[in-house]
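As they're listed, the protein sequences go chains S and Y.
Going by numbering that gives the first Met the number 0, the first sequence wraps up at 234, each residue one higher than the last.
Going by numbering that gives the first Met the number 0, the second sequence wraps up at 234, each residue one higher than the last.
There are 2 protein chains.
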Amino acid sequence: MNTLVENGDLPVLTLDKNTPVTAQVYSHIRQLILRLHLKPGEALSEQELSVKLGLSRTPVREAFIRLADEGLVDVYPQRGTLVAPIRIAEVKEAHFIRRVLEFAIVRSAAENAGRRHLALLEENLRLQAKAQRRKDYESLMDHDEAFHRLLSESVALPRAWRVIQSLMGQLDRVRYRILPKPGHGDLVRQQHVAIFRAIQAGDADRAEHEMREHLDQIWATIEQLMRDDREFFTD
Amino acid sequence: MNTLVENGDLPVLTLDKNTPVTAQVYSHIRQLILRLHLKPGEALSEQELSVKLGLSRTPVREAFIRLADEGLVDVYPQRGTLVAPIRIAEVKEAHFIRRVLEFAIVRSAAENAGRRHLALLEENLRLQAKAQRRKDYESLMDHDEAFHRLLSESVALPRAWRVIQSLMGQLDRVRYRILPKPGHGDLVRQQHVAIFRAIQAGDADRAEHEMREHLDQIWATIEQLMRDDREFFTD
DNA sequence: TTGCGACTGCTGCCATGGTAGTGTGCCAAT
DNA sequence: ATTGGCACACTACCATGGCAGCAGTCGCAA
Numbered sequence: 000m001n002t003l004v005e006n007g008d009l010p011v012l013t014l015d016k017n018t019p020v021t022a023q024v025y026s027h028i029r030q031l032i033l034r035l036h037l038k039p040g041e042a043l044s045e046q047e048l049s050v051k052l053g054l055s056r057t058p059v060r061e062a063f064i065r066l067a068d069e070g071l072v073d074v075y076p077q078r079g080t081l082v083a084p085i086r087i088a089e090v091k092e093a094h095f096i097r098r099v100l101e102f103a104i105v106r107s108a109a110e111n112a113g114r115r116h117l118a119l120l121e122e123n124l125r126l127q128a129k130a131q132r133r134k135d136y137e138s139l140m141d142h143d144e145a146f147h148r149l150l151s152e153s154v155a156l157p158r159a160w161r162v163i164q165s166l167m168g169q170l171d172r173v174r175y176r177i178l179p180k181p182g183h184g185d186l187v188r189q190q191h192v193a194i195f196r197a198i199q200a201g202d203a204d205r206a207e208h209e210m211r212e213h214l215d216q217i218w219a220t221i222e223q224l225m226r227d228d229r230e231f232f233t234d
Numbered sequence: 000m001n002t003l004v005e006n007g008d009l010p011v012l013t014l015d016k017n018t019p020v021t022a023q024v025y026s027h028i029r030q031l032i033l034r035l036h037l038k039p040g041e042a043l044s045e046q047e048l049s050v051k052l053g054l055s056r057t058p059v060r061e062a063f064i065r066l067a068d069e070g071l072v073d074v075y076p077q078r079g080t081l082v083a084p085i086r087i088a089e090v091k092e093a094h095f096i097r098r099v100l101e102f103a104i105v106r107s108a109a110e111n112a113g114r115r116h117l118a119l120l121e122e123n124l125r126l127q128a129k130a131q132r133r134k135d136y137e138s139l140m141d142h143d144e145a146f147h148r149l150l151s152e153s154v155a156l157p158r159a160w161r162v163i164q165s166l167m168g169q170l171d172r173v174r175y176r177i178l179p180k181p182g183h184g185d186l187v188r189q190q191h192v193a194i195f196r197a198i199q200a201g202d203a204d205r206a207e208h209e210m211r212e213h214l215d216q217i218w219a220t221i222e223q224l225m226r227d228d229r230e231f232f233t234d
């Protein structure tokens, strides 16, 4: 029997009465997938998840729809729903798209970012450093994400962030596997600092260059992982 | 009384038994919105649409969810669902993102496109010319879309196309209003030809340059429209 | 005339039940 | 031993009904 979740090791979803249940279920399952609590290829089921969460099948089903649009689950009508495998081609593509978007964003940030956003970015860097010292990788990843979100907000492209977000779905599962590698966190943090300094100086070329270094380094690590950890990927 | 659809002037949705109804409803409504048969700000209703389509409310509702994710409708819980207004800021943002993606795609196409894709592009250009001569703007728009899709396929970035697609949702409604302007179609077609020639020649710089001309020209037209047609936009 | 509260008619949200489609395994026929 | 077919279990799909939240109205009281 392939139980969906091994009893109590999953964070229990505590419902907030104010926001729609569907949305909460969606982000809950999304987190479970991205953090690899639900493994690629694992079978899901409206039925099973709904009883496990103490809800009806409708909100679960509607969450599946959104996850399928995002490419995180594959729905096979009348047969079942699986956590999407990590497809190498899709990871490559997501990274490619992310690159061009982030380059454009960071250039624009260097040219336009205001005092306020610079302060927010600086604060974020402090939080990253703190999480790094504590080896709190979960929150480090949150701050990392927030760093990139702040960048896209600083140039008033909220929608770009949503696009990147949905692409990152493909990358996050990989990243999550990489994070605890020794030295990796420090390097990433230094690169973030370098990007920040370039933006602060208003130097678009340097900012793009630093971002390129950053993303290329991440990509190298991902490729490394794809070689070492073949059974985790498809294609 | 603001009836959702004025009786018979909407294309009737003919159901295909093989594919899920939800998906069909989704793309049906999406087309209605993009082609402006459903106007920005217009009220939708699960109830009303479901009876009009002869279905239950469930697939309509599920289609709404996807449309809301895409930004084409705004759902106000317990109050109603509206066709999203055309927000100038979002149009700008969509165009910005589209630019950087299309530049990267066209460069990559110039460097990598194979014989087969070049042939497909050439064929597409012929179809565009034909539609242009017939003043068949609806199908011209389809071919235009296909042209850009072929580009992203030629570099094996199918997901990039989906991203662009969803961004284009914001732009399509605008484009649809521009198309019939005299001279516009010819110009666009010439630009497409220029892009194609550059790709064929394998000249990435020129290809990007021609794409830039193309998109900038489109943008100028959009800005013109935003000035002339203020009541169609929000913000 | 004006303020305010109950009422009514909407909406989308969630629960639940029936159905059709798909795969699996058993059993019989060869 | 192999294969064909059929029953069954399981899935997601769609229909439907009850409900809570919000707005607009209408009437009553100050």
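Every residue gets a Cβ at the ideal spot worked out from N, C-alpha and C, and that includes glycine.
Since residue i sits in a beta bridge, which residues does DSSP pair it with?
i: Thr-233/S; result: Arg-86/S
i: Ala-200/Y; result: Ala-200/Y is not bridged to any residue.
i: Val-74/S; result: Thr-80/S
i: Leu-33/S; result: For Leu-33/S, which the question treats as bridged, DSSP gives no partner whatsoever.
i: Ala-42/Y; result: Leu-81/Y
By the three-class DSSP mapping on this structure, what secondary structure does residue i have?
i: Thr-228/Y; result: First, the residue type needs correcting, since residue 228/Y is Asp and not Thr in the sequence shown. If DSSP states are grouped into helix, strand and coil, Asp-228/Y belongs with coil.
i: Leu-149/Y; result: helix
i: Glu-5/S; result: Model confidence at Glu-5/S stands at a pLDDT of 33, short of 50, so the residue's coordinates are unreliable and nothing is read from them.
i: Leu-100/Y; result: helix
i: Val-244/S; result: This structure leaves residue 244/S out entirely; chain S is present only between 0 and 234.
i: Asp-141/S; result: helix
i: Arg-125/Y; result: helix
i: Val-244/Y; result: Examination of residue 244/Y is not possible in this model, given that chain Y is present from 0 through 234 alone.
i: Asp-68/S; result: helix
i: Ser-55/S; result: coil
i: Lys-134/Y; result: coil
i: Asp-15/Y; result: coil
i: Val-154/S; result: coil
i: Ala-62/Y; result: helix
i: Ala-118/Y; result: helix
i: Ala-112/S; result: coil
Would you verify that the beta carbon of residue i is, or is not, closer than 8 Å to some beta carbon of chain S?
i: Asp-158/Y; result: Before going on, a small fix: residue 158/Y reads as Arg here, not Asp. Judged by the 8 Å Cβ criterion, Arg-158/Y is in contact with chain S.
i: Ile-221/Y; result: no
i: Pro-179/Y; result: no
i: Ser-153/Y; result: no
Can you tell me whether residue i sits near the ligand ADP, meaning its C-beta is under 7 Å from at least one heavy atom of the ligand?
i: Arg-78/Y; result: This structure simply doesn't include the ligand ADP, nor any ligand for that matter.
Would residue i count as contacting chain Y if we go by Cβ distances under 8 Å?
i: Glu-89/S; result: yes
i: Val-162/S; result: yes
i: Pro-84/S; result: no
Determine which residues of the segment 44-77 of chain Y have a Cβ less than 7 Å from any Cβ of chain S, and write them out in chain order. The residues in question are Glu-61, Ile-64, Arg-65, Asp-68 and Pro-76.
Give, in chain order, every residue of the segment 92-103 of chain Y whose Cβ lies closer than 9 Å to some Cβ of chain S. Correct list: Glu-92, Ala-93, Phe-95, Ile-96, Arg-98, Val-99, Leu-100, Phe-102 and Ala-103.
Just list the alpha helix (DSSP H) runs in the segment 159-227 of chain Y, keeping only unbroken ones of 4 residues or longer that don't cross its boundaries, in chain order. Those alpha helix (DSSP H) runs which fall completely within the segment 159-227 of chain Y and span 4+ residues are 183-199 and 203-227.
May I ask you to list, following chain order, the residues of the segment 22-42 of chain Y that have a beta carbon less than 8 Å from some beta carbon of chain S? When CB distances to chain S are screened at a threshold of 8 Å, not a single residue of the segment 22-42 of chain Y falls below it.
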